[in-house]
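Novice: One structure, pasted below without further comment.
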Amino acid sequence: MNIHEYQAKALLNEYNIPIPKGFHAQCESSIDRAIEQLESSQKIVVKAQIHAGGRGKGTFTNGFKGGVQLCKTSNEAKSIALKMLGNHLVTKQTSALGRKVQTIYFTEACSINHEYYLAILLDRESAGAVIIASTEGGMNIEDVARNSPEKIVRVRVPLDLGLKPHHSRLIAFNLELKGQQIKELHLILNGLYRMFIEKDAELIEINPLITDSAGSLFALDAKVSVDSNALFKHPEITKLRDTNEEDPKEVEASAHNLNYIALEGNIACMVNGAGLAMATMDIIKSYGGEPANFLDVGGGANEEQVTAAFKIILSDPNVKGILVNIFGGIMQCDIIAKGIVLAAKNVSLSVPLVVRLEGTNVKAGKKILNESSLKLISADSLAEAADIITKTVAELSG
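Numbering (my numbering), first residue to last: 54 to 451.
See the structure below:
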């Protein structure tokens with residue numbers, strides 16, 4: 054789960070990581086209050102809050118440019134904020150429709166001597182944490198990795214040992230920090246690592262981490278992503294969730310304990326098991342089709358969940374056909390077949406449906422499908438199912 058910058062900064066502050074003073078607002082009256090809390094003599098940075106990078110270079114759909122603006126006066130900051138609030142910001146990480154800005158973050162401007170990149174994230178290869186740092190902050194780390202890989206340092210931190218002083222010294226050396234800056238970085242890294250472990254984070258990114266005119270380190274921007282599977286342990290994090298930033302279909306799916314991710318194709322998939330879902334999407338691609346989603350109903354889906362899955366699938370206007378691929382292990386094929394028939398009738402199915410069942414009670418499951426009044430096609434293999442649905446959708450679209 055991702056959170057907004059202002060929320061991430063509040064967490065950083067809890068772990069004694071230095072950040073510029075800032076306040077958020079979600080309406081005109083709260084804009085006034087937020088600005089009033091900042092020093093009147095300070096320049097103010099106005100930041101649109103969306104779950105996407107590249108805000109500074111983004112463009113609003115009303116033509117206004119820049120989701121991050123430096124303002125010289127309070128009046129200018131308010132004027133800029135009102136141009137952002139309620140409008141859609143398009144960046145390289147959003148669709149052409151952009152994301153609606155519903156929160157503005159005001160921070161005191163900092164003098165910047167140098168920008169660095171600093172992040173800690175889950176390293177699946179070593180089953181531990183890895184700290185990534187670079188002297189090239191303020192830009193995409195992917196661009197740095199591609200153009201100047203020698204400017205990136207990676208330090209793995211085993212979870213059974215934790216962060217040690219030599220880790221901090223190695224990173225400080227590679228960032229060419231001196232004297233007091235080394236001590237400050239050590240404190241920042243300790244805070245980041247504690248936050249990473251205690252909040253079950255998958256990523257904590259500070260970009261840029263800056264030195265100001267006095268040489269002190271500050272986290273100027275922050276991105277935090279928390280493991281969704283660990284949210285039951287963190288009600289304080291769960292309440293930070295902004296469902297307005299998520300696909301409504303994905304929000305609805307999570308309410309029914311379904312694993313759903315929207316894609317850009319026109320053939321919807323309903324599968325039990327993440328691995329089988331990936332294989333199903335792959336074979337659709339291999340037959341020339343484009344999957345419209347990843348949807349794993351899990352090993353014990355009931356009729357209610359299957360009905361919800363169909364409704365979510367059909368709420369996507371791009372869907373022109375559905376492939377259901379079920380392997381009956383824990384979930385028996387006759388039970389899932391009954392669920393499919395009842396669910397399809399409940400949602401008034403209007404697109405072609407191809408169903409492939411295999412496993413426990415498969416004969417009984419196929420009999421239920423064949424004797425139903427639904428206009429569905431039962432396939433004996435995944436290859437046959439993929440071939441049928443891709444050809445059917447192609448004919449309808451062509």
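Heads up, the beta-carbon is just placed ideally off N, CA and C, and yes, glycines get one too.
1. The beta strand (DSSP E) spanning K100 covers which residue range?
2. Between which two residues does the beta strand (DSSP E) harbouring G190 extend?
3. Cβ of L376 within 8 Å of Cβ of A438?
4. Suppose only complete runs of 3+ residues qualify. What are the beta strand (DSSP E) ranges in the region 317 to 402, listed by chain order?
5. Let me check one thing: in DSSP terms, what residues is F159 bridge-paired to?
6. My output table needs one value for S431: the three-state DSSP class, helix, strand or coil.
7. Flag this pair as touching only if the region 190 to 207 and the region 292 to 307 have three or more C-beta atom pairs under 8 Å; answer yes or no.
8. Which term fits G139, buried or exposed, when burial requires 16 or more other beta carbons within 10 angstroms of its beta carbon?
9. Excluding five sequence neighbours on each side, which residues of the same chain lie with their C-beta closer than 6 Å to the C-beta of I44?
10. Check whether the region 168 to 183 and the region 136 to 155 are in contact - that is, three or more C-beta pairs closer than 8 Å.
11. Taking T264 as part of the beta strand (DSSP E), name the residues at either end of that continuous run.
12. Bridge partners of R209, per DSSP?
13. In whole angstroms, what separates the C-alpha of G381 from that of T413?
14. Which stretch, first to last residue, makes up the alpha helix (DSSP H) that contains G412?
15. With three or more beta-carbon pairs closer than 8 Å as the criterion, would you say the region 264 to 271 touches the region 282 to 293?
16. Expressed to the nearest angstrom, what Euclidean distance is found between the alpha-carbon atoms of N227 and E237?
17. Let me confirm a value: K252 is counted as buried when at least 16 other C-beta atoms fall within 10 Å, else exposed. Which label applies?
18. From the DSSP output, in three-state form, read off F271 for me.
19. Would you be able to state if there are at least three C-beta pairs under 8 Å between the region 390 to 400 and the region 358 to 367?
20. Roughly how many angstroms separate the alpha carbons of A63 and T160, rounded to a whole number?
21. Would you mind stating whether D274 and I257 have Cβ atoms separated by less than 8 Å?
22. Buried or exposed: which applies to H220, given that a residue is buried once 16 or more other Cβ atoms fall within 10 Å of its Cβ?
23. May I have the straight-line CA-CA distance separating L214 from S281, to the nearest angstrom?
24. Judging by CA-CA distance, which residue of K231, G75, S307 is the nearest neighbour of Q90?
25. Check H219 in the structure and name its three-state DSSP category.
26. Looking at the secondary structure, which residues open and close the alpha helix (DSSP H) in which Y169 lies?
27. Are H239 and P218 closer than 8 Å when you measure CB to CB?
28. So what's T112 in DSSP terms, helix, strand or just coil?
29. Quick one, which of I84, N200, V404, L262 has its alpha-carbon nearest I157's?
30. Check whether the region 141 to 151 touches the region 103 to 121, counting contact only when three or more Cβ pairs, one atom from each stretch, lie closer than 8 Å.
31. What did DSSP end up calling Y59 once you bin it into helix, strand or coil?
32. Would you tell me roughly how many angstroms separate the C-alpha atoms of K338 and F117, rounded to the nearest one?
33. Is the CB-CB distance between G442 and G351 below 8 Å?
34. Going by beta carbon distance, what residues of the same chain come within less than 7 Å of Q385, once the five residues before and after it are set aside?
Specialist: Walking through what the data contain:
1. 97 to 101
2. Careful: G190 lies outside any beta strand (DSSP E) and carries neither H nor E.
3. yes
4. 320 to 324, 346 to 349, 374 to 381
5. F76, V99
6. strand
7. no
8. exposed
9. With the chain covering only 54 through 451, there is no way to say anything about residue 44.
10. no
11. 254 to 264
12. V183
13. 5 Å
14. G412 -> not in any alpha helix (DSSP H); beta strand (DSSP E) instead, spanning 406 to 412.
15. no
16. 15 Å
17. buried
18. strand
19. yes
20. 12 Å
21. no
22. buried
23. 25 Å
24. G75
25. helix
26. Taken as a continuous stretch (DSSP letters only), Y169 belongs to no alpha helix (DSSP H), being part of the beta strand (DSSP E) at 167 to 176.
27. yes
28. strand
29. I84
30. yes
31. helix
32. 39 Å
33. Strictly speaking, residue 442 in this sequence is Ile, with Gly absent from that position. Taking 8 Å as the Cβ cut-off, I442 and G351 do not qualify as a contacting pair.
34. T413, N414
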